[in-house]
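For the record, the sequence lines run as chains A and B.
Heads up: the first sequence begins at 139 in the numbering used here, then just goes up one per residue.
Heads up: the second sequence begins at 3 in the numbering used here, then just goes up one per residue.
Read through the structure below, which is laid out as structure tokens, and then see the notes.
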Amino acid sequence: MTTAPAATPSPTAGPSPEGAGGAGAAVAPPHTRPAARGGRPRAAGWLAVLPLLLFVAVVFGLPAVAIALGAFTTSADAPGGAQWTTANLSSSVHGAYLTALVGSVKLSALTAFIGVVLGLPLAHAVTTSRFRALREAVLAASGVLANFGGVPLAFAFVATLGNAGELTRRLHLSDHGWSLYTFSGLTLVYLYFLVPLMVLTITPALEGLRKQWREAAQNNGATTAQYWRHVALPILTPSLLGGFVLLFGSAFAAYATAAAMVGSSVPLITLQIADALSGNVLVGQGNVALALSLDMIVIAGLVMAVYVPLQRRSARWLR
Amino acid sequence: MAALTETRRRRRPQFWRGAVALIAGLYFLGPMLLSVIFTVDVPGEGLTLGAYTGIVGTEGFASSLRLTLELAAATVAAVLLLLVPALVAVRLTAPRLRALVEIVCSLPLVVPAVALTAGINSVLRWGPDHLSHTPFFQTINAIQDPGFPVVLVLAYVLMALPLAYRTLDSGLRALDLATLVEAARSCGANWPRAVVQVVLPNLRGALLNTAFLTLALVLGEFTVASILGYMPFAVWIYSIGNSQAQTSVAVSVLSLLLTWALLLILAAAGRGRPSRTPRRSAAAPAPTAQEIP
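Here it is in structure tokens:
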């Protein structure tokens, strides 16, 4: 890929030795920093980064400040106007909101766990497959499915397993007590994008497992189970934990699928926030949505704080 | 004996491999197939394509699709314009900024879309509450124009940043950027020319990847738009879900196929190249010329 532009300069190579400095630059080994040679001042680097930093500072910073301020003040329509308070935060972890928070955490933990347990064998089957085309196809499809949540996913499952869905009608699932619009129905749907996400996350780690390690274990008389227990799983543990955390975060933040599918029959924190934002709260309680958002950010922040070191650690074996 | 254990070891994996493939295939393809059946096999009407032919005539289809495509174009342009110069510059002239840029681009991961919407919603309400006598008020009104809500573009760019950063960064990592630019510079190219004619063509794969992923994000985005009360495509699908179940599932299937096609093209383009180029390295200029369109 890099050869193409390297080939193009040859016709214009003549003029370059004109300046002595230019010739020196051409001979210099590639690892010297171009900036050090005055090709372009360092300030220009800053200049190119500045729009990005400004954009994030405004578009991310303002809502973040709004959440932080709003979570600790009463809303403007409350009697007495805006005042500092911790009432929003405390009501965001009590009553119905607490139920929703717990519901979200439970759903995310359960789906992430199942996603890890199902994603690992699937990824293993894919990475060790003899058919290269199959491997490429599954990885490409995983990339698609992992990004595919939201309304179309919800409607596809409603058409399949909803009250009037094809499978429900044909197999009379309703008579056996099946309903898609429940906690377990939501779990089934979430796995549709979580399992592919796990496959994507764990595949590099599985590809990093050297064949030689397995052969070495076998030569020492280890069975397959022993190999997995003492060699492969310890190496994979950071990646598996990292995958779990990533799946948890992804399920925790999901809103569209649940909103389009179950409405508010399953208590989830994302649904509660949307509800509160649409004005379905008591007067003066508007800022509870911001307090709930703050709760979510804290949990998502914890997730990232756990995920990043785990990922660094698992990367150690992948060289 | 060795041969015996060998065959036994080989056969068992084949079995569980088949089982895994079967279950995964049923689970992942089943809902798609059954959705298609759901749309063409209407109870009481028999087989019909009415759900598909009726899509275009359904109220709101054209306007929501146009809005989504406009938002997608604006978002993709903004993401690339913000990220490409920053990442190239960081690699070339200010390596110390790299950690900062990485952190800045990963920040949106910590704020789920719903929470971001809550924040944006409350910033937008500052307008009438506190800023009504300042020029900011007009700005806040302008970005909420229902014809083209800039606020959605801003939110989408922010949400696309982490993935776009990682995609572009891995594309840049595969290049020896310093050498490329040096080669171009020593041939007499000035800085803009070196970047536009040498660096960008080499980044084409990563740029396409980023554009497609951002496009997919905007096409499917529901959370921010629905809570802020706009009607792009995903929200429209949801809104017709109650009254026209068949049509809404049909649109879901179509939008899904469209997204799939987009992302599969991208995956094929992204994956095919690195493995192919080394083999053909001797004839490198030829495939490059072919790939340009």
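Don't be surprised by glycine CBs; every beta carbon is placed ideally from N, CA and C.
Small disclaimer: the values here were computed from a predicted structure and weren't measured.
Three-state secondary structure (DSSP) of glycine 149 of chain B: coil
Touch test, the region 325 to 341 of chain A against the region 388 to 402 of chain A, Cβ-Cβ under 8 Å, three pairs minimum: Contact between the region 325 to 341 of chain A and the region 388 to 402 of chain A is present: 3 or more CB-CB pairs across the two stretches fall below 8 Å.
CA-to-CA distance, glutamate 104 of chain B to valine 201 of chain B, given in whole angstroms: 21 Å
Coil, strand or helix - valine 125 of chain B by DSSP: Under the three-state reduction of DSSP output, valine 125 of chain B falls in the helix class.
Neighbour flag for valine 125 of chain B against chain A, beta carbons, 8 Å: yes
Buried versus exposed, by CB contacts within 10 Å (16 or more), glycine 222 of chain B: buried
Chain A within 8 Å of valine 116 of chain B, Cβ atoms only: yes
Segment contact flag, the region 329 to 346 of chain A with the region 381 to 396 of chain A, C-beta cutoff 8 Å, min 3 pairs: The region 381 to 396 of chain A and the region 329 to 346 of chain A touch, with three or more beta-carbon pairs separated by less than 8 Å.
Proximity test, Cβ basis, 8 Å: phenylalanine 336 of chain A and chain B: Before going on, a small fix: residue 336 of chain A reads as methionine here, not phenylalanine. Chain B, which has no Cβ nearer than 8 Å to the Cβ of methionine 336 of chain A, makes this no.
Where alanine 174 of chain A falls: helix, strand or coil (DSSP): The pLDDT assigned to alanine 174 of chain A is 43, lower than 50, so where the model puts this residue is not dependable; a value taken from the coordinates is nonetheless given after this. Here alanine 174 of chain A sits in helix by DSSP.
Buried/exposed call for tryptophan 351 of chain A, threshold 16 Cβ in 10 Å: exposed
Contact list for alanine 91 of chain B against chain A, beta-carbon separation under 9 Å: Arg178, Ala182, Gly183, Trp184, Leu185, Ala186, Val187
Interface flag, glycine 303 of chain A vs chain B, CB-CB below 8 Å: Yes - at least one Cβ of chain B is within 8 Å of the one on glycine 303 of chain A.
Selection of the region 19 to 42 of chain B by Cβ proximity to chain A, strictly under 8 Å: Correct list: Arg19, Val22, Ala23, Ala26, Tyr29, Phe30, Gly32, Pro33, Met34, Leu36, Ser37, Ile39, Phe40, Thr41.
Expected contact under 8 Å - CB spacing of serine 37 of chain B and valine 251 of chain B to nearest Å: 5 Å
Contacts around proline 151 of chain B, its chain only, beta-carbon distance under 6 Å, and the 5 residues preceding and following it disregarded: Tyr232
Option in A:Val282, A:Ser317, A:His310 with minimal Cα separation from phenylalanine 295 of chain A: A:Ser317
From A:Val446, A:Ala181, A:Trp184, A:Leu191, residue whose alpha carbon lies closest to that of valine 159 of chain B: A:Leu191
Three-state secondary structure assigned by DSSP to threonine 320 of chain A: Assignment of threonine 320 of chain A by DSSP, reduced to helix, strand and coil, places it in the coil class.
Chain A contact residues for glycine 56 of chain B, given Cβ-Cβ distances below 8 Å: Ordered by position in chain A, no residue passes the 8 Å Cβ test against glycine 56 of chain B, which lies about 16 Å from the chain.
Neighbour flag for leucine 448 of chain A against chain B, beta carbons, 8 Å: no
Beta-carbon gap between leucine 165 of chain B and leucine 89 of chain B smaller than 8 Å: no
The alpha helix (DSSP H) enclosing glutamate 72 of chain B, as first and last residue numbers: 63 to 94
CB of threonine 249 of chain B within 8 Å of CB of alanine 64 of chain B, strictly: no
Under 7 Å from the C-beta of threonine 225 of chain B: neighbouring residues of chain A: Under the 7 Å cutoff, chain A gives Tyr393, Ala394.
C-beta neighbour in chain B for leucine 239 of chain A, strict 8 Å: no
Proximity below 8 Å, CB of valine 196 of chain A to CB of threonine 320 of chain A: Against a cut-off of 8 Å, the Cβ pair of threonine 320 of chain A and valine 196 of chain A comes out as no contact.
Assigned exposure category for glutamate 304 of chain A - 16 Cβ within 10 Å defines buried: buried
Span separating the alpha-carbon of arginine 168 of chain B from that of valine 78 of chain B: Taking the straight line from one Cα to the other gives about 15 Å.
Cβ separation of valine 112 of chain B and alanine 438 of chain A, assumed to be a contact under 8 Å, to the nearest whole Å: 5 Å
Beta-carbon proximity of leucine 256 of chain B to alanine 218 of chain B, cut-off 8 Å: no
Residue from B:Ile142, B:Trp238, B:Asn244, B:Leu260 with nearest C-alpha to glutamate 61 of chain B: B:Trp238
Straight-line gap, glycine 48 of chain B to tyrosine 29 of chain B (C-alpha atoms, nearest Å): Approximately 26 Å, taken between the alpha carbons.
Glycine 48 of chain B, DSSP secondary structure in three states: strand
Closer than 8 Å at the beta carbon, the chain B residues around glycine 439 of chain A: Val112
Best match in B:Asn211, B:Leu258, B:Ala117 for proximity to valine 2 of chain B [C-alpha to C-alpha]: As shown, chain B starts at 3 and ends at 295. That puts residue 2 of chain B outside it, with no answer to give.
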